[in-house]
Each structure stands twice: as C-alpha cells, then as structure tokens.
Amino acid sequence: MNGLFLFPEASRVHPDVEGWMLELSGDLGEITREWHGVMKICGADVRELLHDGHPTVCVRGAAFAYVNTFKAHVNVGFFRGAELEDPQGLLEGSGQLMRHVKIRPGAPLNAQALTKLIRVTCQDMRARTRGIGRSSRLV
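Per this note's numbering, residue -13 is the first one in the sequence shown, and the count goes up by one each step.
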C-alpha cells in the first residue's frame, strides 16, 4: 500500500465543486477561490471533485491537495504534507501523512511559500503516480 487516494471520477471542472464554490461569500470565499485556483493551474492534468464535503484536487486521479472553509479560516491541505519540506513553517497538523495551512482573513501569510508547497506537492504526486492505474480509490 502506498497511501494514495485515487479518484477516477475527478474531472477538469466538476459541477459539485462549482456549486460548492457558489455557496461561499465574503473574505473566506475569496480566499478559498484564490487558493483553489492556484491548485488548479498546476497543470492540464489537474482534476477536481468534492470529497468529504470539500474540493479536492488530483493529478492522474490521485489526490494531492484540498481546500476547505470554516467559520473563521480556510484550510489548504496536503494529502502527503508530512513529507513536504516546509522551511517557512506554514504546515500544521500531527497526522501520519496529512498537513494543512490555516489562512485567516487579514492575518499575514507567506503566499509565495504556500504557492511553492502546492506546486511541489503536485509535482511529487505526478512522480508517485507514474504507471499507476486509476481504477481503485486507495492503492
């Protein structure tokens, strides 16, 4: 088992994600849409779906990141975040694999470092999924 979540049903533009985004408003909605957009422009092979009630982005069907909105913050999460180099100390969490960055409206954020984390995790997932089929959810 290599710990990859595979979602063959993910698509370039998923109607459930679009509907979820339309429900958002205010600063949290803007933050969520901004960071989801950063995830989506990682490449033409990036797909999305609604998983566990929030947008999840995949490459070659394997989830690499997600965005979720809460009452006072937005999480940008990484499915293999514990393995990421994080010299700026943005990542939070103590799970075996997952980590997240908590974004609060008006709070300082190193956007360049977060963008780099997103790009690196997408590239890493591309490398991990070479030769893996998209027929199962967890390999």
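Heads up, the beta-carbon is just placed ideally off N, CA and C, and yes, glycines get one too. This one's a predicted model, so the numbers in the text were calculated from it and none came from an experiment.
**Distance CB(Val62)-CB(Trp6) smaller than 7 Å** = Locating residue 62 in the sequence shown gives position 76, counting from the first residue. Locating residue 6 in the sequence shown gives position 20, counting from the first residue. Result no, Cβ atoms of Val62 and Trp6 do not sit closer than 7 Å.
**Asked** Does the Cβ-Cβ distance between Asn54 and Gln74 come in under 7 Å?
**Response** On the sequence shown, position 68 is the one that residue 54 refers to. On the sequence shown, position 88 is the one that residue 74 refers to. Against a cut-off of 7 Å, the Cβ pair of Gln74 and Asn54 comes out as no contact.
**Request:** Please report the residue range of the beta strand (DSSP E) in which Leu36 lies.
**Result:** Residue 36 sits at position 50 when you count from the first residue of the sequence shown. Val32 to His37 is the extent of the beta strand (DSSP E) around Leu36.
**Asked** Is the beta carbon of Leu10 less than 7 Å from the beta carbon of Thr18?
**Response** Locating residue 10 in the sequence shown gives position 24, where the first residue counts as 1. Locating residue 18 in the sequence shown gives position 32, where the first residue counts as 1. Closer than 7 Å, so yes.
**Prompt:** Among residues of its own chain, excluding the 5 on either side of Val32, which ones have a beta-carbon nearer than 6 Å to its beta-carbon?
**Reply:** Within the sequence shown, the letter at position 46 stands for residue 32. So the list reads Lys26, Val43 and Val45, once near-sequence residues are dropped.
**Item:** Complete runs of the alpha helix (DSSP H) confined to the stretch -1 to 85 [at least 4 residues]
**Value:** 1 to 8 and 12 to 26
**Prompt:** If we count the other Cβ atoms within 10 Å of its Cβ and call it buried at 16 or more, is Arg116 buried or exposed?
**Reply:** Your numbering for residue 116 matches position 130 in the sequence shown. The residue is exposed, with fewer than 16 neighbouring Cβ atoms inside 10 Å.
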